[in-house]
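Written below as structure tokens is the structure these notes are about.
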């Protein structure tokens with residue numbers, strides 16, 4: 030394998046894919062990025078077995094090939110290089126990375142059992158990236174951080190009257206947001222891990238569109254030249270509608286900024302900022 034690419038483009042691709050890799054797995058390949066070069070197309074893939082981020086980019090290809098490289102080390106090396114063209118040259122047991130007068134030698138990743146691509150290939154249901162990004166920012170934070178909570182570490186995505194509804198709860202709080210986007214059939218329910226949606230929000234950035242493709246076991250989100258694939262969480266999500274009181278005898282309208290400032294001050298003396306009840310007195 031041998032190719033050349035601009036540092037900024039390569040650093041962005043490696044940075045995105047490496048966020049899906051993990052250094053804590055028993056399988057050493059999960060701490061690596063898989064590079065596949067075919068002609069002028071380079072694919073960079075990182076995965077932890079549950080979350081996969083795959084980036085496609087155009088490079089100046091000189092020799093096709095496939096290699097595993099340490100995700101964290103390679104990303105840091107590329108990011109440290111001076112601006113301009115970066116050249117990758119695969120040897121027998123190492124990869125030479127050079128830019129100008131700077132040269133690095135990176136070892137090849139161990140193992141040959143890198144997980145196979147599990148995402149859905151094909152056109153998904155499109156929607157505005159900005160709308161999804163804003164909704165994720167509001168809802169994902171309500172999901173539980175405790176892995177023992179199963180489906181409550183994720184966000185329920187369901188179709189309601191032609192709209193996309195996102196629901197998350199950790200039993201103390203619940204967030205619900207509807208988006209005017211018909212991307213999931215009405216009454217269909219899928220629970221997507223919060224971690225995957227946090228990474229998706231990073232990728233949305235200034236993108237215009239995102240496409241969503243959900244199957245029985247996986248969800249695929251495509252943003253430009255990046256595909257994010259995540260396994261869905263299995264289990265029964267609570268009937269969130271029953272948690273909302275049918276009648277609200279007291280309704281208040283308050284200044285958003287004033288309320289945020291007041292809560293921020295009270296939060297300073299709370300032992301557990303999430304689990305401590307907040308009493309409102311009118």
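Numbering (our numbering), first residue to last: 30 to 311.
Beta carbons: idealized from backbone N, C-alpha and C, even for Gly.
| Distance CB(residue 186)-CB(residue 269) smaller than 8 Å | Taking the chain shown and counting its residues from 1, one reaches residue 186 at position 157. Taking the chain shown and counting its residues from 1, one reaches residue 269 at position 240. The answer is no: Cβ separation not under 8 Å.
| query | When burial is assigned at 16 or more other CB atoms within 10 Å of the CB, is residue 292 buried or exposed? | reply | If you number the chain shown from 1, residue 292 lands on position 263. It is exposed - the Cβ of residue 292 has fewer than 16 other Cβ atoms within 10 Å.
| Sub-8 Å separation of residue 71 and residue 86 beta-carbons | The residue labelled residue 71 in the question sits at position 42 within the chain shown. The residue labelled residue 86 in the question sits at position 57 within the chain shown. Their beta carbons are under 8 Å apart, which means residue 71 touches residue 86 by this criterion.
| query | Secondary structure at residue 266, three-state DSSP: helix, strand or coil? | reply | As a first step, residue 266 is located in the chain shown; it is residue number 237 there, counting from the start. The three-state reading of DSSP puts residue 266 in coil, since its state is none of H, G, I, E or B.
| Cβ of residue 134 within 8 Å of Cβ of residue 145? | On the chain shown, residue 134 is found 105 positions in, with the first residue counted as 1. On the chain shown, residue 145 is found 116 positions in, with the first residue counted as 1. Not a contact, by the Cβ cut-off of 8 Å.
| said: Given this structure, state the Cα-to-Cα distance separating residue 48 from residue 275, to the nearest angstrom. | reply: Along the chain shown, one-based indexing puts residue 48 at 19. Along the chain shown, one-based indexing puts residue 275 at 246. Going by the C-alpha atoms only, they are around 42 Å apart.
| query | Is the segment 189-206 close to the segment 275-286, with three or more CB pairs under 8 Å? | reply | no
| message | In the DSSP assignment, the beta strand (DSSP E) including residue 312 goes from what residue to what residue? | response | What the structure shows of the chain is the stretch from 30 to 311, and residue 312 is not part of that stretch, so it cannot be assessed.
| message | Taking the straight line between their C-alpha atoms, what separation do you get for residue 90 and residue 30? | response | As a working mapping, residue 90 is identified with position 61 in the chain shown. As a working mapping, residue 30 is identified with position 1 in the chain shown. Looking at the two C-alpha atoms, the distance is approximately 8 Å.
| query | Touching or not, the segment 247-265 and the segment 164-171, by the rule of three or more beta carbon pairs under 8 Å? | reply | no
| Which runs of the beta strand (DSSP E) spanning at least 3 residues fall entirely within the segment 215-253, listed in chain order? | 218-222, 238-243 and 247-252
| At least three beta-carbon pairs within less than 8 Å, the segment 35-47 to the segment 99-117 | yes
| Spatial neighbours of residue 305 in its chain, beta-carbon cut-off 8 Å, leaving aside the 5 residues before and after | Numbered from its first residue, the chain shown carries residue 305 at position 276. Answer for residue 305: 299, listed in chain order.
| task | Out of 176, 44 and 213, point me to the one whose CA is closest to residue 222's CA. | result | For the purposes of this step, residue 222 is taken as the residue at position 193 of the chain shown. It is 176 whose Cα lies nearest to the Cα of residue 222.
| query | Taking C-alpha atoms, which residue in 226, 255, 128 and 231 lies nearest to residue 197? | reply | Taking the chain shown and counting its residues from 1, one reaches residue 197 at position 168. Minimum Cα-Cα distance from residue 197 among the listed residues 226, 255, 128 and 231 corresponds to 226.
| task | Classify residue 92 as helix, strand or coil using the three-state DSSP reduction. | result | Stepping through the chain shown from its first residue, residue 92 is reached at position 63. Reduced to three states, the DSSP call for residue 92 is strand.
| query | Alpha carbon to alpha carbon, how far is residue 209 from residue 240? | reply | Working through the chain shown from its first residue, we reach residue 209 at position 180. Working through the chain shown from its first residue, we reach residue 240 at position 211. Cα to Cα, the separation comes out at about 14 Å.
| message | Please classify residue 181 as buried or exposed, where buried requires at least 16 other C-beta atoms within 10 Å of its C-beta. | response | Position 152 of the chain shown holds residue 181. Looking at its Cβ environment, which holds 16 or more other Cβ atoms inside 10 Å, residue 181 is buried.
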